[in-house]
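Residues in the sequence shown are numbered consecutively from 385, following my numbering. A short write-up of the structure that comes next.
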Amino acid sequence: MSRCLTTVWKKWFGKTDNGSKLYAGLDPVRVPRHVAIIMDGNGRWAQKRGLPRPFGHRAGAEALRAIVRTAAELGVGVLTTYAFSTENWKRPAEEVDLLMKLFSDYLDNEIDELGANGIRLRFSGQTDALSPGLRAKIAQAEATTAANGGLVLNIAVNYGGRAEITRAVRLIAADVASGALAPGDIDEATISRHMYTAGLPDPDLLIRPAGDQRLSNFLLWQAAYAEFWFTDINWPDFRPEHLIAAVADFQRRDRRFGGLTR
Ligand code: FPP
């Protein structure tokens, strides 16, 4: 096990042998640059315990804290988490309100620690449709962490992959209409630059807990070559060791990008 990963283990998980074994197979050089997570199963987690759904979301927010720390310590460059989709507005108003409050509380409670650990916050989605109070906190969180050079924590809020592509097409069409861009000059890089994730690498590893094996309108453009990792565990039960298992599995994959095996 590398010295770096030993340090990670000792810092976050204690010193028992069990953790050392978890890290033992990881190659610190082949850590995914961008990990994306669909944080699914909060409702089912609560239901299984006879609790109202909000308890699942609260436990989900708690689970996220440890995963952010672990991703940062592993040297992941970008962690994108799907926190609220453009379709989630269809949920009961009380659940939507609770989720908005959780995002707001998360920013209030975590921003200092995130900042102190060099983490840069970024948001993907139609944030202009959120409440003025939450928008202000998002803007402040992005501004105060903008110069940080560590993990980019990209939170997808009011995000939909199709809506993102539609927005990009509109922006590009406006550039064409104004004469700033010739249609023949539009290439894949042009489209990537007009995504919320502009400037970030595409996800290498996409994790979905809670048993379903679909994209659910998440990062449709960016996930073209992502490796998928599924587990039946509900998000609130997702722990650093599950992230480590996903990364270990990722490192065993043969990524060919349409080419041939080396
Ligand atoms: C999907 O589970 C989860 C969501 C729609 C919300 C995700 C939000 C959090 C984890 C809260 C914390 C986030 C931040 C950024 C602080 P579901 O409710 O659809 O679960 P179900 O499929 O079991 O009903």
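Beta carbons: idealized from backbone N, C-alpha and C, even for Gly. Owing to the predicted nature of the structure, the values given are computational and were not obtained by experimental measurement.
Closest Cα partner of residue i within the set the options
i	options	result
Val-460	Asn-472, Gln-524, Leu-410, Leu-603	Leu-410
Phe-439	Ala-630, Pro-620, Ala-547	Pro-620
Leu-486	Leu-599, Ser-600, Leu-518	Leu-518
Tyr-543	Ala-531, Met-579, Val-553, Thr-528	Met-579
Phe-614	Asn-472, Arg-592, Phe-634, Ala-456	Arg-592
Val-655	Arg-640, Phe-634, Arg-639	The structure shown does not extend to residue 655, since the chain is modelled only from 385 through 646, so no value can be given for it.
Arg-577	Leu-599, Arg-554, Ala-594, Leu-589	Arg-554
Ala-540	Thr-465, Gly-563, Asp-481, Thr-645	Thr-465
Gly-533	Leu-498, Ser-508, Trp-605	Leu-498
Ala-552	Leu-537, Trp-605, Ser-488, Val-452	Trp-605
Thr-574	Trp-429, Ala-557, Asp-588, Gln-431	Ala-557
Extent of the continuous alpha helix (DSSP H) to which residue i belongs
i	result
Val-560	545-561
Leu-458	437-458
Pro-516	516-529
Asn-426	426-432
Delimiting residues of the beta strand (DSSP E) encompassing residue i
i	result
Arg-506	504-508
Ala-420	418-422
Helix, strand or coil at residue i [DSSP, three-state]
i	result
Leu-498	helix
Ser-469	strand
Thr-645	coil
Leu-410	coil
Thr-390	Since pLDDT at Thr-390 reaches only 47, below the 50 mark, its modelled position is unreliable, and no value is offered.
Val-415	coil
Ala-540	strand
Leu-535	coil
Leu-482	helix
Leu-463	strand
Leu-565	coil
Asp-638	coil
Next item on the list: Kindly provide the ranges of any alpha helix (DSSP H) runs that are 4 or more residues long and lie completely inside the segment 571-634, ordered along the chain.
Entry: 572-577
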